[in-house]
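*Asks:* Protein sequence lines correspond, in order, to chains A and B.
Going by the numbering used here, the residue at position 165 of the first sequence is 166; the numbering climbs one at a time, nothing skipped.
Going by the numbering used here, the residue at position 118 of the second sequence is 119; the numbering climbs one at a time, nothing skipped.
Even for Gly, the Cβ is constructed at its ideal location relative to N, Cα and C.
There are 2 protein chains.
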Amino acid sequence: MNALNIYNPVKIHFGCGLISESGKIAKKYSDSALIITGKSSMQKTGTLDRLTKNLKDAGVNPTIYDKITPNPTIDEIDEAAVIAKKKGVGLIIGLGGGSPLDSAKAVAVAAKGNIPVWNYLKTSAEEALPVITIVSTSGTGSEVNRYSVMSNPETGEKPGFGYVCMYPKEAVIDPEIMLSMPPYVTATTGFDVFVHVLEAFTGKAKNAFSSAYCMQTFYLLKDNLIKAYNEPDNIEARGNMALASALAGLAIDISGVGIIHAMEHPVSGNYPNVAHGVGLAALTIESMKYNIAACKRDFMLIAHHLGIKRAGKSDDEYAASLIEKIQEILEALNLNTGLKDLGVEKDKLAKIAGEAFTTMGFAVQNNPETIDEKEVLRLLEASY
Amino acid sequence: MNALNIYNPVKIHFGCGLISESGKIAKKYSDSALIITGKSSMQKTGTLDRLTKNLKDAGVNPTIYDKITPNPTIDEIDEAAVIAKKKGVGLIIGLGGGSPLDSAKAVAVAAKGNIPVWNYLKTSAEEALPVITIVSTSGTGSEVNRYSVMSNPETGEKPGFGYVCMYPKEAVIDPEIMLSMPPYVTATTGFDVFVHVLEAFTGKAKNAFSSAYCMQTFYLLKDNLIKAYNEPDNIEARGNMALASALAGLAIDISGVGIIHAMEHPVSGNYPNVAHGVGLAALTIESMKYNIAACKRDFMLIAHHLGIKRAGKSDDEYAASLIEKIQEILEALNLNTGLKDLGVEKDKLAKIAGEAFTTMGFAVQNNPETIDEKEVLRLLEASY
């Protein structure tokens, strides 16, 4: 039996209205905080104002860095880290979707060190400022794990990194904030949850702990993924998707991702306007076809958890029915797309294939079926 | 949707031969450790010697307290805490089954304070010495959670308590140690795992996180509980039961237990020779019959996870088939017993019923079906 090391020290708070506890939680760590967020949605919905007022009421002085883009660049992170140092803040608060949350963790590392954040891909970080995550989407899982993904705009590279010191201290998951998520964001982030558990549940590093999170996530996705998309005001569906996002985030914290994520990172790294979730959507079906022989039993189990009836199907047919089901889900979410539709140029596919290996090698290694660069290029072409 | 707070900071290490890492792990916390263990099995198997040698080799000076009984008393805990203080140790290591592990956590609290350990039932503890657990059975879950159960020999009371400071820092789960578990211990501790997930999965405090752990545990129990009993040298079955124990321990850390545990604690509190797991075995069937109406859907899901075929059964029949299945499992484990067989006196049942409420009130409250003292007495009589 494979040896395992399981550890996740994040204090997870889930509940409607919990954002109003943020000040109290922040005060445990510092009197001053840098809020890392995006350019518009948290402002438009009033969530950023609520948070800053709540922090001030609790005696925490907030500074705001609100220039995080959907695919955060190392320049943004380094700029925010300089502000954190200059202000001498004792806490970083990530507010928003995966991009600001990932960035908050990277800023927390960079603000403790004296090197550009990009260097932490090669130099391990031993300390970081404490981080609190307040998540506004249901997809990334970043709220509960140590990972951070950042893009190098000069090269198009978009690697992920994650050290023990990067675990958020506390995660605030308030489904009420998610009610304002636009349908496209609900779809793309929700599909990201599915790909997290698909890849964690079938990957070479799968184990009993990550499988526990994955199975529960499949159950939650079955009843809530499309419902949250079609009924944006359904607080129960929103809450269940928020739980699914967190559980899937714990699963990938343990068992990582696979070839779909490995290919998607260079796609949105080279095309920063492509949302991570829709990039995944374009790549999932062909990747599943490639992997099906290596994880037939797992596909059958997922099919079962997603409520697909067996009804006399052979093992092969039942495993294959999962791919059909995912195709249906993509259509229901209006995410049935190819790389071409996303603006990816065909002559960039070879560069993307190479970067899957150079920047996401651990995910390639974890893929259930062994895969080389030639096969990855073929998958990218088939997903075009 | 109910608000949730999820937190478990234990570093879990699972793998064959991992006990040889204990010294290295201990050294991170202190140069001196008090080992809390029982009177015989860790000595007989040589595990205690291996551990002390390993600690010394790593530069950690071990002191041994090896007087923990199967139902540890407050006197044992207070005595060990005095030794910890006198020696000035910086670390407590629990070695063995649930009893030494629970005791290690209680000793860690008592060694930091100036009051008898019993007082911590009413006074919350804010600090404790760091604890490492090295588990030799697969049942308690104590290796990964904050709980400690202790008996007051004067009153027969056997309450549980658990504060945040009591989480073990690290848990070493080495299936090789478990190969020496005698069949009766395999059966009783293994059945304890089942009751943990039964009660966490059906209790009022159930949620998506604990359900994830429970479902995975049911899967592991299905294939490994009876196998580990019948094939004591089957390292894969031992390993899977060790994982099941840990997952179930995480589940009850989040969602607690129910009426079966609430009744069993005063049984083995008043009759210290009764092993916890066999006490549970005597009480499970009648408790399930009492609860079935309140958690029919959950029973159906558990039946499904345990591999019971639906085969045209109505919902009621399918839920009831779980109780039959558990009866079969009890027979296969030679645990099909009543309270009378365990030496419990009939005229003690009323005292036991009362203590279920006074010492395990939180578990009574968590039971899926509301229950009063009269009903508990009736369950005890029916389980006699």
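(1) Whose Cβ in chain B lies nearer than 7 Å to the Cβ of phenylalanine 15 (chain A)?
(2) According to DSSP, is threonine 53 (chain A) part of a helix, a strand, or is it coil?
(3) If I measure Cβ to Cβ from lysine 40 (chain A) and keep anything under 7 Å in the same chain, skipping five residues before and after, which residues do I get?
(4) First and last residue of the alpha helix (DSSP H) that includes tyrosine 272 (chain A)?
(5) Taking only three categories from DSSP, how would you classify glycine 24 (chain B)?
(6) Within the 7 Å Cβ cut-off, does alanine 209 (chain A) reach chain B?
(7) In chain order, what residues of the region 189-218 of chain B put their CB closer than 9 Å to some CB of chain A?
(8) Along the chain, where does the beta strand (DSSP E) that runs through proline 10 (chain B) open and close?
(9) Please name the residue or residues paired with serine 211 (chain A) in a DSSP beta bridge.
(10) With 8 Å as the C-beta to C-beta threshold (strictly closer), list the residues of the region 167-187 of chain A near chain B in chain order.
(11) What is the rounded straight-line gap between the Cα of lysine 352 (chain B) and the Cα of isoleucine 330 (chain B)?
(12) Considering only their Cβ atoms, is the gap separating leucine 102 (chain B) from serine 31 (chain B) smaller than 7 Å?
(13) Which one or two residues does DSSP pair with glycine 161 (chain B) in a beta bridge?
(14) At the level of alpha carbons, what is the spacing between leucine 336 (chain A) and alanine 295 (chain A)?
(15) Check serine 384 (chain A) in the structure and name its three-state DSSP category.
(16) Taking C-beta pairs closer than 8 Å, name the residues in chain A that lysine 12 (chain B) reaches, listed in chain order.
(17) Considering only the alpha carbon of each residue, which of A:Asn274, A:Val198, A:Leu380 and A:Ala85 lies closest to alanine 111 (chain A)?
(18) On the DSSP letters alone, give me the boundaries of the beta strand (DSSP E) that lysine 68 (chain B) sits inside.
(19) Return the bridge partner residues of isoleucine 93 (chain A) from the DSSP annotation.
(20) Between glycine 24 (chain A) and chain E, is the shortest Cβ-Cβ distance under 7 Å, so that the two count as touching?
(21) Using the beta-carbon of each residue, which ones in chain A are nearer than 7 Å to glycine 91 (chain B)?
(22) Can you confirm whether glycine 250 (chain B), when its beta carbon is compared against all beta carbons of chain A, has any partner nearer than 7 Å?
(23) Give me the residue from B:Met361, B:Ala321, B:Pro184 and B:His197 with the minimum Cα distance to glutamate 287 (chain B).
(24) Give a yes or no on contact between the region 200-220 of chain A and the region 161-172 of chain A, applying the rule of three or more CB pairs nearer than 8 Å.
(25) Which residues of chain B have a Cβ atom closer than 8 Å to the Cβ of glutamate 237 (chain A), listed in chain order?
(26) Should lysine 310 (chain B) go down as buried or exposed, given a rule of 16 or more other Cβ atoms within 10 Å for buried?
(27) Just the Cα atoms here: how many angstroms apart are lysine 25 (chain B) and leucine 56 (chain B)?
(28) Taking Cβ-Cβ distances below 8 Å as the criterion, which residues of the region 279-313 of chain A are in contact with chain B?
(29) Could you check whether the Cβ of glycine 240 (chain A) sits closer than 7 Å to any Cβ belonging to chain B?
(30) Report yes or no: is there a C-beta of chain B within less than 7 Å of the C-beta of leucine 226 (chain A)?
(31) Give the interface partners of leucine 221 (chain A) over in chain B, defined as CB-CB distance under 8 Å, in chain order.
(32) Establish whether the CB of arginine 244 (chain A) and some CB of chain B are separated by less than 7 Å.
(33) So what's threonine 203 (chain B) in DSSP terms, helix, strand or just coil?
(34) Entirely within the region 274-336 of chain A and at least 4 residues each: give me those alpha helix (DSSP H) ranges in chain order.
(35) When the Cβ atoms of the region 239-248 of chain A are set against those of the region 172-190 of chain A, are three or more pairs found closer than 8 Å?
(36) Compute the distance between the beta-carbons of valine 145 (chain A) and glycine 161 (chain A), then report whether it is under 7 Å.
*Replies:* With the structure as the only source:
(1) Ala4 and Leu5
(2) DSSP places threonine 53 (chain A) in helix when its eight states are reduced to three.
(3) Asp67 and Lys68
(4) No residue range can be given for tyrosine 272 (chain A), since it is assigned to no alpha helix (DSSP H) and is classified by DSSP as neither H nor E.
(5) helix
(6) yes
(7) Asn208, Ala209, Phe210, Ser212, Ala213, Tyr214, Cys215, Met216, Gln217 and Thr218
(8) 5-15
(9) For serine 211 (chain A), which the question treats as bridged, DSSP gives no partner whatsoever.
(10) Pro176
(11) 30 Å
(12) no
(13) Beta bridge pairing from DSSP links glycine 161 (chain B) with B:Val150.
(14) 26 Å
(15) coil
(16) Simply Asn6, Ile7 and Tyr8.
(17) Looking from the CA of alanine 111 (chain A), the closest CA among A:Asn274, A:Val198, A:Leu380 and A:Ala85 belongs to A:Ala85.
(18) 62-69
(19) Bridge partners of isoleucine 93 (chain A) according to DSSP: A:Leu35 and A:Val132.
(20) Here chain E cannot be found, since the structure's protein chains are A and B.
(21) Within 7 Å Cβ-Cβ: nothing; glycine 91 (chain B) doesn't reach chain A, min ~21 Å.
(22) no
(23) Closest option to glutamate 287 (chain B), judged by alpha-carbon separation, among B:Met361, B:Ala321, B:Pro184 and B:His197: B:Ala321.
(24) no
(25) Within chain B, the residues near glutamate 237 (chain A) are Met2.
(26) exposed
(27) 8 Å
(28) Cβ contacts with chain B come from no residue of the region 279-313 of chain A.
(29) Closer than 7 Å: yes.
(30) no
(31) Ala209
(32) Looking at the sequence shown, residue 244 (chain A) is not arginine but leucine. Chain B, which has a Cβ nearer than 7 Å to the Cβ of leucine 244 (chain A), makes this yes.
(33) helix
(34) Restricted to the region 274-336 of chain A, the alpha helix (DSSP H) segments that are unbroken, complete and at least 4 residues in length are 277-292, 297-306 and 316-333, listed in chain order.
(35) Under the 8 Å Cβ criterion, the region 239-248 of chain A counts as touching the region 172-190 of chain A, having at least three qualifying pairs.
(36) Cβ atoms of valine 145 (chain A) and glycine 161 (chain A): not closer than 7 Å.
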